[in-house]
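What follows is a single structure, written as structure tokens, with notes after it.
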Amino acid sequence: MKVIECNQVSKVYGNHHAVDQLSFTIEENKITGLIGRNGAGKTTLLKIIAGYLRKTSGEMNVFSEEPFNNLKVSANMIFVDDQMNFPTALNLGELLKAADSFYENWDMELAKRLFDYFSLNPKQRHDSLSKGMKSTFNMIVGLASRCSLTIFDEPTTGMDVSVRKDFYRALLKDYIAYPRTIILSSHLLNEIEDILEDILLIKDGEKYLHMSVSDVKEYAVGISGEGTIVNQWTKENEILYKKSLGTGSSYVVVKNDFTESMLERAKLAGLKISPVAAEDLCIYLTSKTNGGIDDVFDRS
Amino acid sequence: MIVQGDGTKPIYIQIAEWLETEILSENIKPDEKIYSQYQLAEMYNINPATAAKGLTILANEAVLYKKRGLGMFVSSKAKAIILKKRKGQTLKNLVTDLVSEAKRLDVSEAELIGMIKLANSQGEGK
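If you're matching them up, the sequences are chains A and B in order. For the first sequence, the positions run 22 to 321 when my numbering is used. For the second sequence, the positions run 382 to 507 when my numbering is used.
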């Protein structure tokens with residue numbers, strides 16, 4: 022079943038296209054990572070899916086319905102980010118009880134166990150928490166609500182490394198026990214890629230690629246060696262990144278259109294073939310130049 | 382085994398190789414049930430779809446077989462298949478790497494074979 026169907030959706034602010042003619046579908050019970058640079062349109066897109074923002078044009082269906090102002094979507098969806106609004110009159114313990122009455126699948130035992138594990142104090146108020154503690158509390162609400170569509174927009178803001186690791190593990194364990202559709206946006210792809218099934222990469226509000234994590238990892242290949250030999254082997258491929266190493270040798274990342282035997286022969290020709298990490302690939306794909314930041318300093 | 386997240390080898394292949402090693406060392410015997418994708422996902426902190434991909438590789442190679450509704454089991458020929466594969470692919474790739482490094486270092490074929498013989502005799506002497 023398709024949980025999200027997005028067809029030619031745009032969101033325009035003034036003359037800026039935050040989301041531009043975006044089309045994709047997300048199947049039920051998958052964990053998808055939404056990746057993109059700052060200002061790529063990730064949050065705008067997630068807020069349209071969540072029904073918080075009205076799209077300018079196109080067609081957006083969540084559970085086969087238009088999400089904006091939709092009761093079915095808001096009852097079955099939770100949107101977790103660092104700006105979650107909770108009533109300031111309630112303390113954290115009372116907030117959990119309120120969430121319990123709100124979400125049909127709410128697991129109070131899980132919420133309480135996580136609450137204790139992360140040493141939160143039920144008497145404390147949300148607006149008095151530190152940045153990392155706020156994110157931790159929001160994450161607990163996101164997990165315990167067990168909504169069929171769970172959206173985490175940069176959920177780890179302010180969390181330290183160990184809390185982030187605990188969060189990813191908790192998310193995975195609860196997902197295995199209670200499969201549901203999860204979208205996770207993050208800048209830390211290398212931290213989350215293991216628990217993802219698919220990656221949706223957007224650039225300037227447009228879809229750049231949408232495929233499984235394992236396909237992303239095989240999408241490109243890094244070739245290094247003597248510059249002239251590297252050029253000879255990569256002249257037919259799409260170059261994603263290029264870097265000179267010392268005199269005469271270079272490292273080039275190209276789209277992987279090679280067959281096994283071609284790579285074998287390249288190795289025998291003295292080239293070094295290396296895989297390209299998903300995070301690096303996403304940086305190269307969304308970069309405006311082939312040389313990245315080095316181009317800024319290259320005045321020759 | 383700890384999954385290497387540095388991208389040098391796809392995780393589903395690392396999972397498949399770990400399962401192969403478990404079968405070779407007879408921690409899981411023929412006709413015994415192998416770990417499910419969910420158990421593997423939980424053990425290695427990876428997405429269940431990735432774990433399933435590792436299992437599928439082994440099922441396609443007939444190292445594992447499916448029993449409907451019961452999961453995957455180790456086939457009786459599993460060990461032989463794995464050994465054959467490792468010789469034909471893994472060892473061959475290592476040799477390719479060895480030869481290209483030898484070329485870079487100007488090591489002659491005779492010299493390289495000499496080194497292999499030496500390493501082999503030292504291995505036996507242990």
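Every residue, glycine too, gets a C-beta built ideally from N, C-alpha and C.
**Request:** Going by DSSP, name the residue or residues bridged to Ile244 of chain A.
**Result:** DSSP lists A:Val273 and A:Ile294 as partners of Ile244 of chain A.
**Request:** State the Cα-Cα distance for the pair Tyr73 of chain A and Ile216 of chain A, rounded to the nearest angstrom.
**Result:** Separation of Tyr73 of chain A and Ile216 of chain A (C-alpha to C-alpha, rounded to the nearest whole angstrom) is 27 Å.
**Prompt:** Using a C-beta cutoff of 7 Å, does Glu212 of chain A count as contacting chain B?
**Reply:** No, no contact with chain B.
**Request:** Please compile the residues from chain A whose C-beta is within a distance smaller than 9 Å of the C-beta of Lys466 of chain B.
**Result:** Chain A residues near Lys466 of chain B: none, gap ~15 Å exceeds 9 Å.
**Message:** Report the start-end ranges of each beta strand (DSSP E) in the segment 395–463 of chain B that is 3 residues or longer and not cut off at the edges.
**Reply:** With a minimum length of 3 residues, the continuous beta strand (DSSP E) runs that stay inside the segment 395–463 of chain B are 445–448 and 452–455.
**Prompt:** Relative to chain B, which residues along the segment 176–189 of chain A have a C-beta separation below 7 Å, given in chain order?
**Reply:** Per Cβ criterion, the list is empty.
**Request:** Return no unless some Cβ of chain A is closer than 7 Å to the Cβ of Ile394 of chain B.
**Result:** No, Ile394 of chain B does not count as interfacial toward chain A.
**Asked** Counting Cβ pairs, one atom from each stretch, are 3 or more of them under 8 Å apart for the segment 408–421 of chain B and the segment 435–447 of chain B?
**Response** Judged by pairs of C-beta atoms under 8 Å, the segment 408–421 of chain B touches the segment 435–447 of chain B, as three or more such pairs exist.
**Asked** Just to confirm, are Leu210 of chain A and Ile56 of chain A a CB contact at a threshold of 7 Å?
**Response** It is a contact, given that the beta carbons lie within the stated cut-off.
**Asn428 of chain B at chain A interface by Cβ criterion, 7 Å** = Interface residue, yes.
**Prompt:** Can you name the residues of chain B whose CB is closer than 8 Å to the CB of Leu217 of chain A?
**Reply:** Chain B residues near Leu217 of chain A: Asn428.
**Asked** Who pairs with Asn28 of chain A in a beta bridge, going by DSSP?
**Response** Answer by DSSP bridge pairing, in chain order: A:Glu80.
**Asked** Going by DSSP, what residues sit across from Val101 of chain A in a beta bridge?
**Response** According to DSSP, Val101 of chain A bridges with A:Phe173.
**Asked** Cβ atoms of Thr202 of chain A and Glu49 of chain A: under 7 Å apart, would you say?
**Response** Going by C-beta atoms, Glu49 of chain A is nearer than 7 Å to Thr202 of chain A.
**Message:** So the candidates are A:Glu259, A:Arg167 and A:Leu221; which of them puts its Cα closest to the Cα of Ile47 of chain A?
**Reply:** Taking only the C-alpha atoms, the option nearest Ile47 of chain A is A:Leu221.
**Request:** State the DSSP-derived secondary structure class of Thr202 of chain A, mapped to helix, strand or coil.
**Result:** Reduced to three states, the DSSP call for Thr202 of chain A is strand.
**Request:** Report the residues of the segment 454–482 of chain B with a CB closer than 9 Å to any CB of chain A, ordered along the chain.
**Result:** Of all residues in the segment 454–482 of chain B, those with a C-beta nearer than 9 Å to a C-beta of chain A are Asn474, Thr477, Asp478, Val480 and Ser481, reading in chain order.
**Item:** Under the three-state DSSP convention, the category Ile314 of chain A falls into
**Value:** In the structure shown, Ile314 of chain A sits in coil (DSSP, three-state: anything other than H, G, I, E or B).
**Asked** So, are the CB atoms of Asp278 of chain A and Asn252 of chain A less than 7 Å apart?
**Response** Pairing Asp278 of chain A with Asn252 of chain A gives a Cβ-Cβ distance that is not under 7 Å.
**Asked** What's the call for Glu218 of chain A, buried or exposed, on a 16-neighbour Cβ count within 10 Å?
**Response** The residue is buried, with at least 16 neighbouring Cβ atoms inside 10 Å.
**Message:** According to DSSP, simplified to helix, strand and coil, what is Asp487 of chain B?
**Reply:** For Asp487 of chain B, the three-state secondary structure derived from DSSP is coil.
**Request:** Note down, in chain order, each residue of its chain lying with its Cβ closer than 7 Å to the Cβ of Glu239 of chain A, except the 5 sequence neighbours on either side.
**Result:** So the qualifying residues of the chain are Asn277.
**Asked** Quick one: what does DSSP say Tyr229 of chain A is sitting in, helix, strand or coil?
**Response** Here Tyr229 of chain A sits in strand by DSSP.
**Request:** Determine which residues share a DSSP beta bridge with Lys263 of chain A and list them.
**Result:** A:Val273.
**Asked** So what does DSSP say about Arg467 of chain B, is it helix, strand or coil?
**Response** In the structure shown, Arg467 of chain B sits in a helix (DSSP, three-state: H, G or I).
**Message:** Taking the straight line between their C-alpha atoms, what separation do you get for Ser151 of chain A and Asp128 of chain A?
**Reply:** Ser151 of chain A and Asp128 of chain A have their alpha carbons spaced roughly 25 Å apart.
**Item:** Listed by chain order, chain B residues near Gly291 of chain A by CB distance under 9 Å
**Value:** What Gly291 of chain A touches in chain B, judged by beta-carbon distance under 9 Å, is Ser481, Lys484 and Arg485, going in chain order.
**Item:** Coarse secondary structure for His147 of chain A, derived from DSSP in three states
**Value:** Helix, per DSSP.
**Message:** Here's the rule I'm using: 16 or more other beta-carbon atoms within 10 Å means buried, otherwise exposed. How should Pro88 of chain A be labelled?
**Reply:** Residue burial annotation: Pro88 of chain A is buried, with at least 16 other C-beta atoms found within 10 angstroms of its C-beta.
**Prompt:** Residues in its own chain within less than 8 Å of Asp315 of chain A by CB, not counting five upstream and five downstream?
**Reply:** When the five nearest sequence neighbours on each side are left out, the beta carbons in the same chain lying within less than 8 Å of the beta carbon of Asp315 of chain A are those of Lys264, in order along the chain.
**Message:** Taking its Cβ as the centre, do 16 or more other Cβ atoms sit within 10 Å of Asn97 of chain A, making it buried, or is it exposed?
**Reply:** So Asn97 of chain A ends up on the buried side.
**Prompt:** What residues in the segment 231–244 of chain A have a beta carbon less than 8 Å from any beta carbon of chain B?
**Reply:** Cβ contacts with chain B: Ser233, Val234, Ser235, Lys238 and Glu239.
**Prompt:** Assuming Val275 of chain A contacts Ile260 of chain A under a Cβ cut-off of 8 Å, what Cβ separation, rounded to an integer in Å, is found between them?
**Reply:** About 5 Å separates the two Cβ atoms, so the contact holds.
**Message:** Here's a check: name, in chain order, each residue in its chain whose Cβ is nearer than 6 Å to the Cβ of Glu26 of chain A, leaving out the five neighbours to either side.
**Reply:** Answer for Glu26 of chain A: Thr46 and Asn82, listed in chain order.
**Asked** Which value, in whole angstroms, describes the spacing of the CA atoms of Lys76 of chain A and Gly54 of chain A?
**Response** Distance between the alpha carbons of Lys76 of chain A and Gly54 of chain A is about 21 Å.
**Asked** Between the segment 403–431 of chain B and chain A, which residues of the former have a C-beta closer than 7 Å to a C-beta of the latter?
**Response** Cβ contacts with chain A come from Tyr419, Ala422, Glu423, Asn426, Ile427, Asn428, Pro429, Ala430 and Thr431.
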